[in-house]
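These notes are about the structure you will find just below.
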Amino acid sequence: MNRRTFIQTAAQGTLGLSTASLFLNTPPLLGDQPPLKNWIWTDGGENLKPAEQTERFQKFRQAGIKAVLFSGYNREVLARAKDQGLETHAWIWTLCRGDKELLEQHPDWYVVNRRGESAAGKPAYVDYYHFLCPSHEEVRQHLAKAVAKLGDTDNLDGIHLDYIRYPDVILPVALWKNYNLVQNEELPPFDYCYCEVCRAAFKKQTGEDPLKLPDPPSHAAWRQYRYDSVTQLVNQLAAVAHEKHKQITAAVFPSPTLAKKMVRQDWARWNLDAILPMTYNRFYNEEPEWIERAVKEGVAALPKDRPLYAGLYLPDFKGGEFDRALQSALAGGAKGVALFGGLKTVKSGA
Ligand SMILES: [Zn+2]
């Protein structure tokens, strides 16, 4: 295997934008396999001068990046990225929506926890955790409209769904200490959704009110109802995107098992063009080699032709860990990696 990976330092640019020089020389592993496709989650650099934007995109290309997931952009940014041969994707917050208008006009669209508290007025963990309930038809229509609108954007290749899930019923273990929590079980303040719509729909389906179950976390059909609710929404959005001839992808929790357990994502059943699990090993107090296990589980669960790109959280890597993470992702069957976080790592190797 003649693969060289090289990640070089990042200089902080204007407005905190990373102007990293990052190199991922990743030729095809075998002759008849397609080359790797690497992604980056980033802002659009809209405030940079045109020449600086172009230079930034050239650096992405030199670094082996083929697709950019933009948190923000304008027409010019998309056109310049395309000019440099990059794929462009609009990175959207799907169910975590703190829009003032939505909160004010539709507080009933938000998820409700097992204590009866709505994420509109009392979000869990952090003040921006205003999650919409995926079971509401109005929510589905609202998001479908947003995706359709993106579908009409020129020079945009795809739509990338982030926060396409419930609030974490279990947080990544490394974060427990930040909230002074021990989450070995599903605790009522973090267990969603017990809104009127969900309760009525589940009752219709099974005859039972989820709020009256003796032990809701152990109830398989109730868990499945919530997996299905997110899956139905995703597949509806996928249909809208595909009608507009756009790709659709999502950022998800690291493996099918963890994703279901922590945020009720059953992502192996989603009709997406690709899946980008956030295999951020340090969030789980794990070494980079853990990525291979998570990726393998994902690849095995997905349809054979569905590419998986492993999300790597750059700020956590020290020494040779980036290299190990990359090797680990590819060994697990990832078709490339997706980079996230300030590119502070300095690493050179062969
Ligand atoms: Zn609900």
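Sequential numbering of the sequence shown, starting at 1472, is according to this note's numbering. In this text, a Cβ means the ideal position worked out from N, Cα and C, and glycines have one as well.
{"Check": "N- and C-terminal bounds of the alpha helix (DSSP H) containing GLU1698", "Outcome": "First, the residue type needs correcting, since residue 1698 is Tyr and not Glu in the sequence shown. Element bounds for TYR1698: 1691-1714."}
{"Check": "Euclidean distance between Cα positions of ALA1805 and VAL1618", "Outcome": "27 Å"}
{"Check": "Chain-order list of residues whose beta-carbon lies under 8 Å from that of ARG1670 (same chain, five-residue window excluded)", "Outcome": "ASP1680, PRO1681 and LEU1682"}
{"Check": "Assigned secondary structure, PHE1541 (DSSP; H/G/I helix, E/B strand, else coil)", "Outcome": "strand"}
{"Check": "Which of helix, strand or coil DSSP assigns to CYS1638", "Outcome": "Looking at the sequence shown, residue 1638 is not Cys but Pro. Here PRO1638 sits in coil by DSSP."}
{"Check": "Where LYS1520 falls, given that 16 or more other Cβ within 10 Å makes a residue buried", "Outcome": "exposed"}
{"Check": "Endpoints, the alpha helix (DSSP H) within which GLY1535 is located", "Outcome": "No alpha helix (DSSP H) holds GLY1535; DSSP gives it neither H nor E."}
{"Check": "For ASN1584, the residue or residues it bridges with in DSSP", "Outcome": "TYR1663"}
{"Check": "VAL1770 Cβ short of 6 Å to ligand 1 heavy atom set", "Outcome": "no"}
{"Check": "ASP1554 classed as buried or exposed, judged by whether at least 16 other C-beta atoms fall within 10 angstroms", "Outcome": "exposed"}
{"Check": "7 Å Cβ cutoff, TRP1562 in contact with chain B", "Outcome": "Going by chain labels, chain B is absent from the structure shown, which holds only one protein chain."}
{"Check": "Any non-hydrogen atom of ligand 1 within 6 Å of CYS1666 CB", "Outcome": "yes"}
{"Check": "GLY1782 beta carbon less than 7 Å from that of THR1750", "Outcome": "yes"}
{"Check": "Three or more C-beta pairs below 8 Å linking the stretch 1607-1626 and the stretch 1569-1588", "Outcome": "yes"}
{"Check": "Terminal residues of the beta strand (DSSP E) in which TRP1562 lies", "Outcome": "1558-1564"}
{"Check": "Backbone CA spacing between GLY1535 and ASN1509 [nearest angstrom]", "Outcome": "7 Å"}
{"Check": "SER1799 - DSSP class collapsed to helix/strand/coil", "Outcome": "helix"}
{"Check": "Three-way DSSP call (helix, strand, coil) for TRP1647 in this model", "Outcome": "helix"}
{"Check": "Environment of GLN1576 [buried if 16+ CB atoms lie within 10 Å]", "Outcome": "exposed"}
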